[in-house]
Amino acid sequence: GLRHLGFEVDSRADLDALHARAASAGLDTTEPEYVNEVVGHIFLVKDPDDRIVEFSAGQDVSPRNWD
67 GLRHLGFEVD SRADLDALHA RAASAGLDTT EPEYVNEVVG HIFLVKDPDD
117 RIVEFSAGQD VSPRNWD
């Protein structure tokens with residue numbers, strides 16, 4: 067499975083702005099994409115230590131959805 071850190075942002079506009087900043091900084095990112103109604107919009111970025119970090123908008127990350 068995918069092991070990563072995940073962070074929720076307030077809106078799709080915030081997600082797109084964050085993606086633009088990461089891409090312009092030269093970080094390895096995926097393009098923002100809509101996955102489904104549970105996951106919402108996401109993109110992944112590798113940090114300088116090769117950890118995968120997920121940023122999302124529209125994902126319900128409340129504790130009731132934790133596995």
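Be aware that the sequence shown starts at 67, since it is given in my numbering, and climbs by one per residue. Quick reminder that beta carbons are idealized off the backbone N, C-alpha and C, glycines included.
- In this structure, DSSP gives A91 a state outside helix and strand, which the three-state scheme calls coil.
- Exclusion of the five residues before and after G72 leaves E120 as the residues of its chain whose Cβ lies within less than 6 Å of its Cβ.
- For F109, the closest C-alpha among the options D116, D115, Y100 and R117 is that of Y100.
- In the three-state scheme derived from DSSP, where H, G and I count as helix and E and B as strand, H85 is classed as helix.
- Distances from the CA of Q125 to each of D116, D113, V104 and K112 were compared; the closest alpha carbon is that of V104.
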